[in-house]
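In what follows, a structure is listed as structure tokens, so that the remarks can point back to it.
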Amino acid sequence: MSGTEMSGTEMSGWETVIGLEVHCELATATKLFCGCRNAFGDEPNTNVCPVCLGLPGSLPVLNRQAVELAMRLGLALGCEVRPSLFHRKNYFYPDMPKDYQVSQYDQPINVDGTLELPDGTQIGIERAHLEEDTGKSTHVGGGGRIHEAERSLVDYNRAGVPLVEIVSAPDLRSA
395 MSGTEMSGTE
405 MSGWETVIGL
415 EVHCELATAT
425 KLFCGCRNAF
435 GDEPNTNVCP
445 VCLGLPGSLP
455 VLNRQAVELA
465 MRLGLALGCE
475 VRPSLFHRKN
485 YFYPDMPKDY
495 QVSQYDQPIN
505 VDGTLELPDG
515 TQIGIERAHL
525 EEDTGKSTHV
535 GGGGRIHEAE
545 RSLVDYNRAG
555 VPLVEIVSAP
565 DLRSA
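The number in this note's numbering is simply the position in the sequence shown, starting from 1, with 394 added.
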């Protein structure tokens, strides 16, 4: 046995504990902060504007339907729905044209809920908040792996699409 392997006897005192972070795309007609269509499968880079590309001088307008859907989700999960605030989370990815993601991470709209599974198990919901999606990178050649790709293509149609990020408590267990 190598230094990183454990026998079944050594593992018997351990329990797997899992918390989940799930991103749910909202089926709104438009993106989170602009009027561009929220449509999967359109020609690349046809549903973009200065706001979702983060161009200087562009001013966002919050999608009311996305906020309402997030609030309804919070109520369905028994969350406290509260005032929230959007912040920039800085990331440097080729498919993120603004180099930041707008998110309610620091002050989420929904907190402290519960999801009951069919067997009666209660899963705590720590938060469910709005944020925007990134674009989509496609790596051509090399079996889709970036390090062997001949070239990479970026489609920004998905950039700015509204998501709800749901974060569970670490309540899923193996035992």
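A virtual CB, placed ideally from N, CA and C, is assigned to each residue, including glycine.
Assuming valine 461 contacts glycine 468 (C-beta within less than 8 angstroms), just tell me the rounded distance between them.
Incorrect: roughly 11 angstroms between the Cβ atoms, too far for contact.
Threshold first: 4 residues or longer. Then list the alpha helix (DSSP H) segments lying entirely within the region 438 to 499, N to C.
444 to 447 and 458 to 470
Name the two residues that bound the continuous beta strand (DSSP E) containing leucine 509.
504 to 510
Quick one: what does DSSP say glutamate 409 is sitting in, helix, strand or coil?
It is coil, neither helix nor strand.
Glutamine 495: which of Phe480, His533 and Glu415 sits nearest, CA to CA?
Phe480
Please report the distance separating the alpha-carbon of aspartate 493 from that of glutamine 501.
21 angstroms
Locate the beta strand (DSSP E) running through valine 558, then write down its first and last residues.
556 to 562
Can you look up glutamate 542 in the DSSP assignment and give me helix, strand or coil?
helix
Taking the beta strand (DSSP E) that glutamate 520 belongs to, which residues open and close that run?
First-last of the beta strand (DSSP E) with glutamate 520: 516 to 526.
With a 10 Å radius around its C-beta and 16 neighbouring C-beta atoms as the bar for buried, classify arginine 545 as buried or exposed.
exposed
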